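**Q** Numbering (the numbering used here), first residue to last: 6 to 253.
From the three backbone atoms N, C-alpha and C, an ideal C-beta is built for every residue, glycine too.
Here the structure is a predicted model, which means the values were calculated and not measured.
Questions regarding the structure given below will be posed in turn.
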C-alpha cells in the first residue's frame, strides 16, 4: 500500500500516558487501555501527543511508549499514529525512523519549538526533512497553535506543498478553532489530504464542514457519545447530534 492509499475514518483517541507514582512509565496498563478503547468503538490512537505529554518524555520513554502501543494494538487497533515532534529536527528524524521500524501506521509532527517556523513554506521544509526519515509512513502536520505558538494558516502550508515536495505528506491534525481556515483546507485539498479535526467540543461543527476523522482526548472515555453523534448526523438527525455534542 502506498502512502497516499492510507485512510482513516472516525475517532482517533489521543491517549493519556500511564505513569507510576514516581513518574516512570506504567506500560502494562496500556493492554487494558486498548481493550477499553475498542469497547467504545475507538479503533485508532494518536500516541505521544499533547494529551500523552510526549514533549515531557525522554527519547527512550517515547520509543518505549510507541512500541507498547503498537504491540498492544496489534489485531485490535486499526491505526497507531506516533507523534514525533519536538525541539530538535534530528530527534524527530530518529523518532520517525523508530516508528517506521516498529510497525506504526503513520507519524505526525508539531513544528519545532523555541526556534519556530513562521510561514507555511518553513513548516513544509521541516516536514520534508522529517518525512524523508520514514519514507514508508504517512506524515501528518500537527497544527496546535495554542501550544506550538506557530500561527500559520494551514491553507498556506498546503499551498507551499505545491513547490516544497513532501511525498509522504498525508494531511493534518487540525487542533484550532479557526473553522474558516479548516474549511478552506478541505476545499483546497478536495479529498487529496486527510484533515483530522482536533477540537472535540466543536466536533459537530467540523462534521458540517465536511470532516470525517477526529483526534481528541475525550474520546478516551466518551467514544460512545461521539460515535452516536456521528451516526445521528449521518442519518440527518441534527437535533440528536446536537444533544450528543452537548454532553461533551
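1) In the DSSP assignment, what residue or residues form a beta bridge with residue 75?
2) Which parts of the region 17-81 are runs of the beta strand (DSSP E), unbroken and 3 residues or longer, counting only runs that do not cross its ends?
3) Taking just the CA atoms, how far does residue 187 sit from residue 6?
4) Would you please verify whether the beta carbon of residue 53 is less than 9 Å from any beta carbon of chain D?
5) If residue 116 and residue 8 are in contact, beta carbons under 8 Å, what's the gap, nearest whole angstrom?
6) Tell me the rounded alpha-carbon separation between residue 69 and residue 107.
7) DSSP three-state call for residue 84: helix, strand or coil?
8) Return the CA-CA distance between residue 142 and residue 235, expressed in angstroms with no decimal places.
9) DSSP three-state label for residue 120, please.
10) My output table needs one value for residue 218: the three-state DSSP class, helix, strand or coil.
11) Measuring CA to CA, which of 120, 245, 200 and 191 is closest to residue 220?
12) If you count every other CB in all the chains shown that lies within 10 Å of the CB of residue 147, and 16 or more means buried, which is it?
13) Once you ignore the five residues that flank residue 82 on each side, which residues in its own chain have a CB closer than 7 Å to its CB?
14) Please return the same chain residues whose Cβ sits closer than 8 Å to the Cβ of residue 257, not counting the five positions on each side in sequence.
15) Look at the alpha carbon of residue 99 and the alpha carbon of residue 80, and state the distance between them as a whole number of angstroms.
16) With a 10 Å radius around its C-beta and 16 neighbouring C-beta atoms as the bar for buried, classify residue 228 as buried or exposed.
17) Using alpha carbons as the reference points, say which of 214, 10, 18 and 12 lies closest to residue 232.
18) Go to residue 178, then tell me how far its beta strand (DSSP E) extends in each direction, as first and last residue.
19) Where does residue 165 fall in DSSP's three states?
20) Between residue 129 and residue 88, is the Cβ-Cβ spacing less than 9 Å?
**A** Looking at the coordinates:
1) Indexing the chain shown from 1 puts residue 75 at position 70. Partner(s): none; residue 75 has no beta bridge.
2) 49-52
3) Working through the chain shown from its first residue, we reach residue 6 at position 1. Working through the chain shown from its first residue, we reach residue 187 at position 182. Cα to Cα, residue 6 sits roughly 28 Å from residue 187.
4) Of the protein chains in the structure, only one exists, and it is not chain D.
5) Counting from one through the chain shown, the residue named residue 116 turns up at place 111. Counting from one through the chain shown, the residue named residue 8 turns up at place 3. Not confirmed; about 21 Å, so no contact.
6) Locating residue 69 in the chain shown gives position 64, counting from the first residue. Locating residue 107 in the chain shown gives position 102, counting from the first residue. Cα-Cα distance, rounded: 10 Å.
7) Along the chain shown, one-based indexing puts residue 84 at 79. Looking at residue 84 - three-state DSSP - the assignment turns out to be strand.
8) Here residue 142 refers to the residue found at position 137 of the chain shown. Here residue 235 refers to the residue found at position 230 of the chain shown. Their backbone Cα atoms lie some 28 Å apart in a straight line.
9) Stepping through the chain shown from its first residue, residue 120 is reached at position 115. Of the three classes helix, strand and coil, the one that applies to residue 120 here is coil, per DSSP.
10) Working through the chain shown from its first residue, we reach residue 218 at position 213. Three-state result, residue 218: strand.
11) As a first step, residue 220 is located in the chain shown; it is residue number 215 there, counting from the start. Closest option to residue 220, Cα to Cα, is 200.
12) Stepping through the chain shown from its first residue, residue 147 is reached at position 142. Residue 147 comes out buried.
13) Position 77 of the chain shown, counting from 1, holds the residue named residue 82. Taken in chain order, the residues that qualify are 39, 48, 49 and 50.
14) Nothing about residue 257 can be reported from this structure: the residues present for the chain run from 6 to 253 only.
15) Your numbering for residue 99 matches position 94 in the chain shown. Your numbering for residue 80 matches position 75 in the chain shown. Spanning the two alpha carbons is a distance of roughly 26 Å.
16) On the chain shown, residue 228 is found 223 positions in, with the first residue counted as 1. By the 10 Å Cβ count, residue 228 comes out buried.
17) Looking up residue 232 in the chain shown gives position 227. When only C-alpha atoms are compared, the closest one is 18.
18) By 1-based counting over the chain shown, the position of residue 178 is 173. Residues 174-179.
19) The residue you call residue 165 lines up with position 160 of the chain shown. Note: residue 165 maps to helix in three-state DSSP.
20) Translated into the one-based positions of the chain shown, residue 129 becomes position 124. Translated into the one-based positions of the chain shown, residue 88 becomes position 83. No.
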